[in-house]
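As given, the protein sequences belong to chains D and C, one line each in that order.
So the first sequence is residues 1 to 154, counted in this note's numbering.
So the second sequence is residues 1001 to 1080, counted in this note's numbering.
Glycine is no exception: its CB is placed at the ideal position from the N, C-alpha and C atoms.
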Amino acid sequence: MSEVRLQDAPFDPGALLTGFTTGRRASGAIVSFIGMVRDEGGSVSALELDAYPGFTETAIAGMADEAVGRFSLHDALVVHRTGLIQPGEPIVFVATAAAHRREAFEGADFLMDFLKSRAPFWKKSHEAGGPRWIEPSARDYEDAARWDALKDNR
Amino acid sequence: MRVLLFGPLRDIAGWRERSFDPPLLTLSALRARLTSEDEALGEALRAPAVQAAVDKVVVRGDCALAPGAEIAFLPPMSGG
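The following block contains the structure:
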């Protein structure tokens, strides 16, 4: 079980977490992660995220379902902003629910690593020197690759 | 048929979505048409890292296109 939402409008992470938590009786652990847009010392005025409606949600849902299966999650929620996002605004919200904390932490960690490196978004950074398209960093790829190395263990 | 461009391809072409009527019959014919209209876009589309999706499914090589197909050209993805 998982849910993926893309939206141009800002979201309230507290309200999302309350909604995700409400009514759960079997889950002993819920982990949430909020990704924020950094201003990089004032040089970034906005991020612009381009998505392919339908295609992008399906790809992320595949990652979420893999996280659910791999970490025995009860549920996972991914909410991602698209369009123009200002520094200081949340850009992504991930929540996972599991029987115990380790699965919930690892499920959220796994999901974020895959979102950062493999999700079908195209990201433009609006900077003082002009707009610039950005690709995943070497660190983003390394973070995602460590789950392949761990796969035999879990 | 609808053609969609994403990411940097939009900046190169100056458009994000176009309709083609009459439609092109194959992906290679569509690529040739786009290249004949805009050599810079054609060159960008030939980059090995640019994928094509037909009706939201990534395809490799050439393929036949239905008249109502939605073709998307996807440059390397940035992640979220």
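Within-8 angstroms CB hit, residue 1077 of chain C to chain D: The sequence position of residue 1077 of chain C within the second sequence is 77, counting from 1. Yes, contact with chain D.
Residue from D:111, D:100, D:124 whose Cα sits closest to the Cα of residue 84 of chain D: Sequence index remark: in the first sequence, residue 84 of chain D carries index 84 (1-based). Checking every option, the nearest Cα to that of residue 84 of chain D belongs to D:124.
When you compare the CB of residue 126 of chain D with every CB in chain C, is at least one pair closer than 8 angstroms? Here residue 126 of chain D refers to the residue found at position 126 when the first sequence is read from its first residue. Taking Cβ atoms only, chain C never reaches closer than 8 angstroms to residue 126 of chain D, which makes this a no.
Minimum length 4: unbroken alpha helix (DSSP H) runs contained in the segment 27 to 74 of chain D: 55 to 70
Residues of its chain near residue 1054 of chain C, where Cβ-Cβ distance is below 6 angstroms and the 5 sequence neighbours each way are ignored: Counted from its first residue, the second sequence places residue 1054 of chain C at position 54. Answer for residue 1054 of chain C: 1069, 1071, listed in chain order.
Of all the residues that make up the segment 64 to 86 of chain D, which are near chain C by a beta-carbon distance shorter than 8 angstroms? 80
Checking the sheet assignment: what are the DSSP bridge partners for residue 1047 of chain C? For the purposes of this step, residue 1047 of chain C is identified with residue 47 of the second sequence, where counting begins at 1. BP columns for residue 1047 of chain C are empty, so no partner.
So what's residue 24 of chain D in DSSP terms, helix, strand or just coil? For the purposes of this step, residue 24 of chain D is taken as the residue at position 24 of the first sequence. Looking at residue 24 of chain D - three-state DSSP - the assignment turns out to be coil, as it is neither helix nor strand.
Using a Cβ-Cβ cut-off of 8 angstroms (strictly less than) and excluding sequence neighbours within five positions of residue 99 of chain D, which residues of its own chain qualify? In the first sequence, counting from the first residue as 1, residue 99 of chain D sits at position 99. 26, 27, 28, 29, 72, 74.
Residues bridged to residue 134 of chain D (per DSSP): Along the first sequence, one-based indexing puts residue 134 of chain D at 134. BP columns for residue 134 of chain D point to D:123.
Alpha carbon to alpha carbon, how far is residue 1075 of chain C from residue 107 of chain D? Give it in angstroms, no decimals. If you number the first sequence from 1, residue 107 of chain D lands on position 107. If you number the second sequence from 1, residue 1075 of chain C lands on position 75. C-alpha separation (whole angstroms): 28 angstroms.
Contact residues within the segment 41 to 59 of chain D, judged by C-beta distance below 8 angstroms to chain C: 49, 50, 52, 54, 55, 58
Residues of its chain near residue 129 of chain D, where Cβ-Cβ distance is below 7 angstroms and the 5 sequence neighbours each way are ignored: Here residue 129 of chain D corresponds to residue number 129 of the first sequence, with the count starting at 1. Hits under 7 angstroms: none found.
Best match in C:1050, C:1056, C:1064 for proximity to residue 1010 of chain C [C-alpha to C-alpha]: For the purposes of this step, residue 1010 of chain C is taken as the residue at position 10 of the second sequence. Selected option, being the one with the closest Cα: C:1050.
Kindly list the residues whose CB is nearer than 6 angstroms to the CB of residue 1064 of chain C, restricted to its own chain and excluding five residues on each side of it in sequence; keep chain order. As a working note, residue 1064 of chain C is residue 64 in the second sequence. The answer, listed in chain order, is 1026.
If you count every other CB in all the chains shown that lies within 10 Å of the CB of residue 1015 of chain C, and 16 or more means buried, which is it? What you label residue 1015 of chain C is simply residue 15 of the second sequence in a count that begins at 1. With fewer than 16 Cβ atoms within 10 Å of its Cβ, residue 1015 of chain C is classed as exposed.
Per DSSP, the bridge partner or partners of residue 90 of chain D: The count along the first sequence starts at 1 and reaches residue 90 of chain D at position 90. According to DSSP, which records beta bridges pairwise, residue 90 of chain D is partnered with D:36.
Counting Cβ pairs, one atom from each stretch, are 3 or more of them under 8 angstroms apart for the segment 137 to 152 of chain D and the segment 1029 to 1041 of chain C? no
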